[in-house]
Structures are given as structure tokens and as C-alpha cells.
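Protein chains in written order, with the working numbering: chain A, -13 to 276; chain B, 1073 to 1338.
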Ligand SMILES: Nc1ncnc2c1ncn2[C@@H]1O[C@H](COP(=O)(O)OP(=O)(O)OP(=O)(O)O)[C@@H](O)[C@H]1O
Ligand SMILES: [Mg+2]
């Protein structure tokens, strides 16, 4: 399902002294199957944007199109429930949404609401729980007895169990340990490829954006500041610094290295090993000229 | 809830009314509420109305916003008015509606009572519109101070008040977040049979209670860690001070009250 925003504005508490324009004439298009990273300084409107993707918010102005579902200021989509079964959203700190008696029941909650059969739900739980790193022995425990990291995984499993076509992730790994972060991101990436999902990742981690996304969108004050493939967007260090963003460490390193040694190694998402080889080559080449 | 407006939510500003000492505001409102019941003719009602309008205008908050915030109250005012039209049977019959005779006395009384009601609510909502919750609790603590003599827990009461006020927006935000998360998981809070909708509340209430308890515990710990041990010997960061402006406004209010009592016998 393609995602299209046409001139979308959103105002919180419109017509009051507290009115706040969180999205300002935002337009973009995300083709089905892409992995898009949305990056922006805090308060730039990222969470507001993603709440338009499954009809939690309706635009104050403009038009949102998700597959066949159209959402405008005066028209809620006819079949909101169907839209929500196709767009899975993992919110910031999703562990706050846990409520049921056991982990198993909590994971089953979403699919049950969308009318998935009992056997199918059970099959999905047994498939998804190990994938997000929840041991089967935890399934009968109360979600409130788990550690923060385990709760996060259960909440994520609860969204994945619905089997959405579009997966929306709002800083899904914030506050986890580094190992847990990369485990979960790898899991999402694998799922993205295996199930041919459209994935929208809101993140503050430039490293994750470079590693997983094939398209990057930079937000600033409710508008689209930049957009493109990660290599091109992150090449513009100055423009990014202007909106309080850094470029990924590897690019900072490359820029500094290029300046220091007067060489020009471009960033092409090389692996560490490839980069090491290129650097070796560049330095040796420079020496042989001397 | 995003677009909901809370009645009397504080609107930051720097008007005369904003700068008044909160104790002065509470005192004036207290007496205004009493005095309203002494108005008994057109002139005395006019005096009170003009006073209320002047006060409202001098807050510099948009009138539309204030009136919109009173929406739930309009209904009550209309209800009072209609009730009076039906029940009161004084004066001459003005006209007939579906067999009900409407008397002139009913019209006058209905209007007077509704106006009284409106003035009360308008003036009290101005307090919360122009005073931060913290200022209100400070003022309440200060005004209730004499009750300490009879062992009334004034400080604790004020603390409870300020903590509750502080966490109302937080809880609203939390409710909004959790209901959105559950809506994304297919819960429908808005349509469907009542029984199902009641059922849909469980996934909202459980996380809300869990987080409220967690917050309470964390707050208690944070307060203890910073050496909180009750009100004994505690000094204040924000000192309340009566200024010339406060005295001036109070004198003005006294003049209004005097004028009211003088015109009562007209
Ligand atoms: N419920 C709300 N009511 C009023 N204003 C809001 C509300 N939610 C967000 N805002 C405002 O809208 C703006 C955008 O908020 P949003 O949550 O979309 O930012 P964000 O980019 O997700 O930030 P972060 O990186 O901190 O999560 C902020 O200035 C915020 O203060
Ligand atoms: Mg956010």
C-alpha cells in the first residue's frame, strides 16, 4: 500500500489560545515496500505525522491516502478498523499499553479484535514470540512481572501479531540496552524483507537510518526539510547541523579523514572491512605518489 | 481529547488580573459570590454585570475562548431559565405556549436567576483562567493558615491539592496515549453496543492505574531523596506579597459593593 500526504497540516487545539501547528503543509509519497527513516529534532512533528497513518488523527487541512483509504479533514475513512488492521503502529514506549493477565493474552489482544481465528492466533504467537526474543516460558506470566526490555518485546509482539502490511515504528528501541537495540532492529529489518512490508521508522539514531533505511526524510518544525537516499542526505552535514542533527559517525569520520589526508573517499554504505580496505588503498596510493 | 478545552484552563498572560495577588483574587471572588445574592433590582444587577464584564475584558483573554469554555454551563443556565418560566406564576399572563401560561414575573425571575448563575460561573472561571494552579494552592495554604491552630493539616491539604492539579494534564495525556495505542490494536471506544464499549475500557484503565501508581511511588521517592519532611520549618520559593495594585483593586471592589447596597433600596 502506497502512502501519500498532500499538503497536510495538523493543528492541536485549534481555535484556542493553545493552538499549535504541528504539521505545516507536508507532502510526500512513500511507495509500497520501502523502508523509510523519519528523523527530526524533538518536537518536529514526527509522532504527529505517524498518527495520521492509521486514522488516529485526521488532518486539519489536506489529504492523506493510505492504499485505498482516503482521510481528509471532513472525511474519516469508511473502514477505519480495516485500515488499522493493515497499519501496525509501535508507539514510543509501547510497554505502557500492556494490560492483560498473561503475556499470551496480551499478544492475542490485537488479532482477536480484528477477528483472527483462535488457531491462527496461537500459531502466530508461537512464531512471533521467539522472533522478538520472548521465551515460551514467559507466555503464562503476567506482563507486569517482566523487566522493561521484556515488556517492550511483548508490546512489539502484540503489534506484529496483527500481521500488518505497513509497520510504523516510533523510536522502538529508545531506552533499551545496546545489544537489545540491535537485536530488535535486525528483527524488524528481517521481517521487513521477508514479509515485504512497508516500514516507517522514526528514530534519533543516524546509525540506524543509514543501516536499514532506503529512504530518509528529515523533519523540521512540522515541515519536510530534506528527503532522499541516505547517502545523499547525510552528505549534507552543514544543512543537517542547522536543524540540530548530526550525520552518522561513519560519515563524520570519513569527512574528517578526507579533509585531513586530502583524499576523497565517498560514502557508499561500505562495511567496516570494505572501508578499511579503501582507506588502506587511499593512504598507500598517496604515499606512492610522494 | 486533543481538541477538548478544559473549563478554566490557565491561559498565560500579563494583564492586571493576572498580576493580582492570588489571595486577593480568592477573597474578592468569595465576597462576590455572596454579594451576588443581594442584588434585587435592575440597577444592582447592572452594577454587578458591568463589574464582571470589566473584569473579564481586563484579562485580555479572547472572549470567544472564555465563552466557549463555558459551553457545558450554558445548558444549565438555559435549563434554569426554562424551569422558571414553567413554575413561577406571578405578575400578568404574557402569552400562552401549548397551554402553559407564561407570566411576566416568571420571565423577570428566570432572567435574574440565570444572570446570577452566569455571573457566578464567569467570575470563578476567571480565577483559574488567570492564576496558575501553584499560585492558587499557595494562596489557599496561606488563607487557611489560621486553621493550623486547631490542628487542621493545612500544609498537607495544600500539597495534595497542588500534586493533583499538577498531574491532571499528565493523566489526560497518558489517557490519550494509551487509548490511541489500544485503538491501533483494534479497540473501538466510539461505536458498538454499550456492553462492548464498557468492555473496551479495561485495556484503557489497567495501564492508566499501573502508571499512576508507579508515578506516585516515584514522586514520593524523589521528594524524600530531596529531603522533604512535611511543612515544618519549610521556607517558600514564591513569596506572596500584597502590592499597591492589590489594595487599589480591593478598594474598587468595596466601592462596587457599596454602590450595590446603596441601589438596593431604589
Ligand atoms: N496532544 C497535544 N496537544 C498539544 N500539542 C501537542 C500535542 N502533542 C504534541 N504537541 C506539540 O506538537 C509538536 C510536535 O509534537 P510531536 O510529538 O509530533 O513531536 P516529535 O517529533 O514526535 O518529538 P519527539 O522526538 O520528542 O518524540 C510539539 O511541539 C508538541 O509540543
Ligand atoms: Mg515523538
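Yeah, the Cβ is synthetic: ideal placement off N, Cα and C, and Gly gets one too.
Everything numeric in this text was worked out from a predicted model, so none of it was measured.
Quick one: grab the DSSP three-state call for residue i.
i, result
"residue 1294 of chain B", "helix"
"residue 59 of chain A", "coil"
"residue 47 of chain A", "strand"
"residue 1214 of chain B", "helix"
"residue 194 of chain A", "helix"
"residue 227 of chain A", "helix"
"residue 251 of chain A", "coil"
"residue 1162 of chain B", "coil"
"residue 1133 of chain B", "coil"
"residue 26 of chain A", "strand"
"residue 1273 of chain B", "coil"
"residue 74 of chain A", "strand"
"residue 1123 of chain B", "helix"
"residue -8 of chain A", "strand"
"residue 13 of chain A", "strand"
"residue 21 of chain A", "strand"
"residue 155 of chain A", "strand"
"residue 100 of chain A", "coil"
"residue 1031 of chain B", "Because residue 1031 of chain B is not part of the residues shown, which for chain B are 1073 to 1338, the question remains open."
"residue 38 of chain A", "coil"
"residue 175 of chain A", "helix"
"residue 1223 of chain B", "coil"
"residue 1338 of chain B", "coil"
"residue 1315 of chain B", "coil"
"residue 213 of chain A", "strand"
"residue 1082 of chain B", "coil"
"residue 137 of chain A", "helix"
"residue 1117 of chain B", "helix"
"residue 1174 of chain B", "strand"
"residue 1340 of chain B", "This structure leaves residue 1340 of chain B out entirely; chain B is present only between 1073 and 1338."
"residue 120 of chain A", "coil"
Looking only at its chain, what residues have a beta carbon closer than 8 Å to the beta carbon of residue i, apart from the 5 residues adjacent to it on each side?
i, result
"residue 106 of chain A", "97"
"residue 1308 of chain B", "1210"
"residue 1103 of chain B", "1325, 1329"
"residue 111 of chain A", "90, 93, 94, 125, 143, 147"
State the CB to CB distance for the pair residue i and residue j, rounded to an integer number of angstroms; the pair is presumed to be in contact (CB under 8 Å).
i, j, result
"residue 115 of chain A", "residue 143 of chain A", "6 Å"
"residue 1096 of chain B", "residue 1321 of chain B", "7 Å"
"residue 188 of chain A", "residue 32 of chain A", "5 Å"
"residue 126 of chain A", "residue 88 of chain A", "5 Å"
"residue -7 of chain A", "residue 11 of chain A", "5 Å"
"residue 154 of chain A", "residue 53 of chain A", "About 14 Å; that fails the 8 Å criterion."
"residue 41 of chain A", "residue 63 of chain A", "6 Å"
"residue 1164 of chain B", "residue 1178 of chain B", "Actually they do not touch by this definition, with Cβ atoms about 11 Å apart."
"residue 140 of chain A", "residue 132 of chain A", "7 Å"
"residue 205 of chain A", "residue 57 of chain A", "Contact flag wrong, Cβ pair sits at about 20 Å."
Can you find the residues in the same chain that come closer than 6 Å, C-beta to C-beta, to residue i, ignoring five residues on each side of it along the sequence?
i, result
"residue 1204 of chain B", "1082"
"residue 178 of chain A", "21, 185"
"residue 72 of chain A", "150, 151"
"residue 39 of chain A", "73, 154"
"residue 1183 of chain B", "none"
Between which residues of its own chain and residue i is the CB-CB distance below 7 Å, once the five residues before and five after are set aside?
i, result
"residue 230 of chain A", "27"
"residue 46 of chain A", "-5, -4, -3, 0, 59"
"residue 117 of chain A", "173"
"residue -10 of chain A", "15, 51"
By the 7 Å beta-carbon criterion, what residues does the region 1275 to 1295 of chain B contribute toward chain A? Contacts with chain A (Cβ-Cβ distance below 7 Å) from the region 1275 to 1295 of chain B involve 1275, 1278, 1279, 1282, 1283, listed in chain order.
Listed by chain order, which residues have C-beta atoms less than 7 Å from any heavy atom of ligand 2? Selection output, chain order preserved: A/32, A/33, A/78, A/156, A/157, A/188.
Could you run through the region 1250 to 1261 of chain B and flag, in chain order, every residue whose CB is less than 9 Å away from some CB of chain A? Taking 9 Å as the Cβ-Cβ cut-off against chain A, the residues of the region 1250 to 1261 of chain B that qualify are 1250, 1252, 1253, 1254, 1255, 1256, 1257, 1258, 1259, 1260.
What are the residues of the region 1137 to 1152 of chain B that lie near chain A, defined by any Cβ-Cβ distance shorter than 9 Å? Of all residues in the region 1137 to 1152 of chain B, 1137, 1140, 1141 have a Cβ within less than 9 Å of some Cβ in chain A.
Give me the subset of the region 96 to 113 of chain A whose CB atoms are less than 9 Å from a CB atom of chain B, sorted by chain position. Within the region 96 to 113 of chain A, 96, 97, 98, 99, 100, 101 place their CB atoms closer than 9 Å to a CB of chain B, listed in sequence order.
What residues in the region 1078 to 1094 of chain B bring their beta carbon closer than 7 Å to a beta carbon of chain A? Within the region 1078 to 1094 of chain B, the residues whose Cβ lies closer than 7 Å to some Cβ of chain A are 1083, listed in chain order.
Scan the region 1124 to 1137 of chain B for residues whose Cβ lies nearer than 9 Å to a Cβ of chain A and list them as they occur along the chain. Within the region 1124 to 1137 of chain B, the qualifying residues are 1133, 1134, 1136, 1137.
Quick one: which residues of the region 10 to 43 of chain A get their C-beta closer than 8 Å to a C-beta of chain B? List them in chain order. Taken in chain order, the members of the region 10 to 43 of chain A whose beta-carbon sits within less than 8 Å of a beta-carbon on chain B are 37, 40, 42, 43.
Looking at chain B, which residues of the region 54 to 75 of chain A have a Cβ within less than 9 Å of any of its Cβ atoms? Within the region 54 to 75 of chain A, the qualifying residues are 66, 67, 70, 71, 73, 74, 75.
Any residues in the region -8 to 9 of chain A with a beta carbon nearer than 7 Å to a beta carbon of chain B? Which ones, in chain order? Residues of the region -8 to 9 of chain A with a Cβ closer than 7 Å to any Cβ of chain B, in chain order: -2, -1, 0, 2, 3.
Residues in the region 178 to 204 of chain A with C-beta within 7 Å of chain B's C-beta atoms, listed in sequence order? Listed by position, the residues of the region 178 to 204 of chain A near chain B (Cβ gap below 7 Å) amount to none.
Contacting positions in the region 219 to 241 of chain A - beta carbon closer than 7 Å to chain B: Cβ contacts with chain B: none found.
What are the residues of the region 117 to 150 of chain A that lie near chain B, defined by any Cβ-Cβ distance shorter than 8 Å? Against chain B - using a Cβ distance shorter than 8 Å - the residues of the region 117 to 150 of chain A are 130, 144, 145, 148.
Relative to chain B, which residues along the region 76 to 87 of chain A have a C-beta separation below 8 Å, given in chain order? Taking a C-beta cut-off of 8 Å against chain B, the contacting residues of the region 76 to 87 of chain A are 77, 80, 82, 83, 84, 85, 86, listed in chain order.
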